[in-house]
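Shown next, in structure tokens, is the structure this report addresses.
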Amino acid sequence: MSPTVIDFLCRGLTGRGGWELLAVLRVATQRIIFAATLYLHRSPAQDWIERHLTLPVEHRARLSALLEARSHPAAERRHQRRQRCHEAQASGSAALPAHAARLKDYPPGTA
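Quick note: to get our numbering, add 139 to the position in the sequence shown (first position is 1).
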């Protein structure tokens, strides 16, 4: 074999030595494995995102409705507070019924 062919086989296209080529090959292999793992697990990741990110969106919509309700008349706001208190008692959360009990003109009860 000619010296240029032997040099090409030893050093590759980049002109690097054997250990350097192994290091580059290892990094390339790790990137390929990482990309394949992301590709194969994208569906469970998307499902998790859909399940866990809908709750903040719902809370933001509810908060914007509450802020908009500030401009309503007092009787309407009182009615909306009572509705929220009934929802809190129905949810079974201990913190929300305690808040409902502190509201004015609302008789606390059990769900």
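Cβ atoms here follow ideal geometry from the backbone N, Cα and C, with glycine treated the same way.
- Counting C-beta atoms within 10 angstroms of its own C-beta, Ala175 has fewer than 16 neighbours from the protein chains shown and is therefore classed as exposed.
- Counting the other Cβ atoms within 10 Å of the Cβ of Ala227 gives 16 or more, which makes it buried.
- Straight-line measurement puts the Cα of Leu192 at about 22 Å from the Cα of Leu206.
- Counting along the chain, the unbroken alpha helix (DSSP H) around His218 starts and ends at 213-230.
- In the structure shown, the three-state DSSP call for Leu202 is helix.
- Beyond the five residues adjoining it in sequence on each side, Arg216 comes within less than 7 Å, by CB distance, of Ala208 in the same chain, given in chain order.
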